[in-house]
Amino acid sequence: MTHAEPTTMADKWLGVIGDEYLSEFLRSGGAAVKVIAGADDVLADVTESIRDAATTGGYYYALVDPSKLTATGKSPALHRIDRFFFEATKDFDWTRWAHEQARHYLETAGITVPAGCGIRDIEQIAEANGRDAQDLINQYQREFATPQLRDVRLSIEFRAAITALGRAQLIPDALSPTTEEVLLEWLRGRAVPGGASALKKVQIYERINAANARTLFASFCRWLPHAGHGGLVVVLDFRPYEFKRTPKGKKLAEENERLRNAILAGKSPDELATILAQTVPDPDVVYSDAAYMQMLTMLRRFIDEIDTLDNMLLVVLTTPNFYKDKTLDATVKRCYFDYDALQTRIGQEVHDEHRANLAASLVHLGGAR
40 MTHAEPTTMA DKWLGVIGDE YLSEFLRSGG AAVKVIAGAD DVLADVTESI RDAATTGGYY
100 YALVDPSKLT ATGKSPALHR IDRFFFEATK DFDWTRWAHE QARHYLETAG ITVPAGCGIR
160 DIEQIAEANG RDAQDLINQY QREFATPQLR DVRLSIEFRA AITALGRAQL IPDALSPTTE
220 EVLLEWLRGR AVPGGASALK KVQIYERINA ANARTLFASF CRWLPHAGHG GLVVVLDFRP
280 YEFKRTPKGK KLAEENERLR NAILAGKSPD ELATILAQTV PDPDVVYSDA AYMQMLTMLR
340 RFIDEIDTLD NMLLVVLTTP NFYKDKTLDA TVKRCYFDYD ALQTRIGQEV HDEHRANLAA
400 SLVHLGGAR
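Right, here's the structure in full:
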């Protein structure tokens, strides 16, 4: 069977991502940040293709979309690394993983789980194996939990959390809230009333925040192969950060100027109505200059600290306008010249004028916004 040659720049770029990154590089521990620019329809197709390729290849896939309000109607503020971590991991089924982890340990340790018996019924499991329940718990702690807690490749809080989640599958709490409930909410950035004492019991003393989220994110990427995934593929839509709100007074003045010019030009009532209809409302989520710069800084740190991340591919979506000089084009409000540190990391200072380097950090896939 013959395969058609890729015809578009997007197809060619996706081919490189599949052949050079998803096939082996990420799975072997590599990490990379890729920035792409293109028309909205091109980026939509590319995002779908990346998702399909990642899930088919056994990777955990996450789309980080800053344009959508949270359930409480607030900005997601994904320029904060802790919010980025919560968004990237929100669909990960921690409970299912912990259950499978505990069951897998019992099976590999030669401990039979009777048919119809849940792994939380440690008394019945012990009886079926002619063992004492506490002896089984001690064995689990000695052979699995303790080595995992000593895995210095993972942050202290992360290994404490996943170890406690696994243990909770074998030894559920009788009190409420349970350790499992508290940990699941902790991993989502939410506090549970009365949960602080449960966290302290497993050696976790603070919520996930800007100070510890980066190491937790790195730990998550490094740990994913142990959870049955090749690694993490995350797509960040940067485009909402490119928009800058025009002050109402200036916006109204611009609209009046357009109408005035149209009237002087003798436009018909229908044409004037069309001009009025062209006024585009602001998006639901608008980011301040400070938030925009914080996002640029976070991207720069991902690039600079790529050697601390394993099994991770970050793809950043941008518009072609983002690479125009706003001092030369008044329609451009924000551009990557705003932050020299990022520009020097993804810019194409030396490149072929006719052929794009599809393995470069920044690739233009074609099309206008």
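Counting from 1 along the sequence shown, just add 39 to a position and that's the residue number in my numbering.
Every residue, glycine too, gets a C-beta built ideally from N, C-alpha and C.
Top-ranked residue by Cα proximity to residue i, from the options
i, options, result
"Ala19", "Phe197, Val371, Pro279 and Ala304", "Absent from the model: residue 19. The displayed extent of the chain is 40 to 408, so no value can be given."
"Ala93", "Gly169, Lys107 and Ser62", "Ser62"
"Gln382", "Asn248, Ala167 and Thr336", "Thr336"
"Ala207", "Phe361, Glu245, Ser400 and His138", "His138"
"Glu224", "Leu193, Asp132 and Ala301", "Asp132"
"Cys260", "Ala49, Leu53, Ala76 and Gly68", "Gly68"
"Arg284", "Leu291, Tyr326 and Gly267", "Tyr326"
"Val72", "Arg340, Asn360, Arg394 and His403", "Arg340"
"His268", "Leu65, Ala78, Phe277 and Gln163", "Leu65"
"Thr357", "Ala49, Gly54, Val74 and Ser307", "Val74"
"Phe197", "Ile247, Ala83, Gly77 and Ile150", "Ile247"
Start and end residues, alpha helix (DSSP H) containing residue i
i, result
"Tyr100", "Not the alpha helix (DSSP H): Tyr100 falls in the beta strand (DSSP E), residues Tyr99 to Val103."
"Asp174", "Ala172 to Tyr179"
"Ser88", "Asp79 to Thr95"
"Cys260", "Ala252 to Trp262"
"Thr383", "Asp379 to Ile385"
"Glu126", "Ile120 to Thr128"
"Thr336", "Asp328 to Asp343"
"Ala49", "Met48 to Val55"
Residue range of the beta strand (DSSP E) that includes residue i
i, result
"Ile75", "Ala70 to Ala76"
"Asp276", "Leu271 to Asp276"
"Thr357", "Met351 to Thr357"
"Ala402", "Residue identity differs from the one stated: residue 402 is Val in this sequence, not Ala. It spans Leu401 to His403 - the beta strand (DSSP E) in which Val402 sits, taken as one unbroken run."
Rounded straight-line distance, which links the Cα of residue j to that of residue i
i, j, result
"Val354", "Val273", "6 Å"
"Ala445", "Ala237", "Since the first and last residues shown for the chain are 40 and 408, residue 445 lies out of range."
"Leu409", "Ala70", "As displayed, the chain neither begins before 40 nor continues past 408, which places residue 409 out of reach and without an answer."
"Leu401", "Tyr362", "11 Å"
"Ile195", "Leu209", "22 Å"
"Arg170", "His143", "18 Å"
"Gly96", "Ala213", "40 Å"
"Leu263", "Tyr99", "8 Å"
"Arg408", "Glu294", "With a pLDDT of only 42 at Arg408, under the threshold of 50, the placement of this residue in the model should not be trusted, and no figure is reported."
"Gln178", "Tyr244", "27 Å"
"Met334", "Thr347", "19 Å"
"Pro186", "Pro115", "37 Å"
"Ala257", "Leu193", "8 Å"
"Asp323", "Ala101", "22 Å"
"Phe125", "Leu117", "9 Å"
"Ala249", "Leu291", "39 Å"
"Met48", "Leu255", "35 Å"
"Asp12", "Leu298", "One cannot answer for residue 12 here, as it falls past the ends of the chain, which runs 40 to 408."
"Gly77", "Ala301", "32 Å"
Hey, is the segment 112-127 in contact with the segment 82-89, meaning 3+ C-beta pairs nearer than 8 Å? no
Can you give, in chain order, each stretch of the beta strand (DSSP E) that sits fully within the segment 142-214 and has at least 3 residues? none
Looking at C-beta atoms only, is the number of pairs between the segment 372-379 and the segment 154-173 that lie closer than 8 Å three or more? no
Would you call the segment 228-248 in contact with the segment 94-106, where contact means no fewer than 3 C-beta pairs closer than 8 Å? no
Report the residue ranges of all alpha helix (DSSP H) runs contained in full by the segment 227-254; include only those spanning at least 4 residues, in chain order. 235-240
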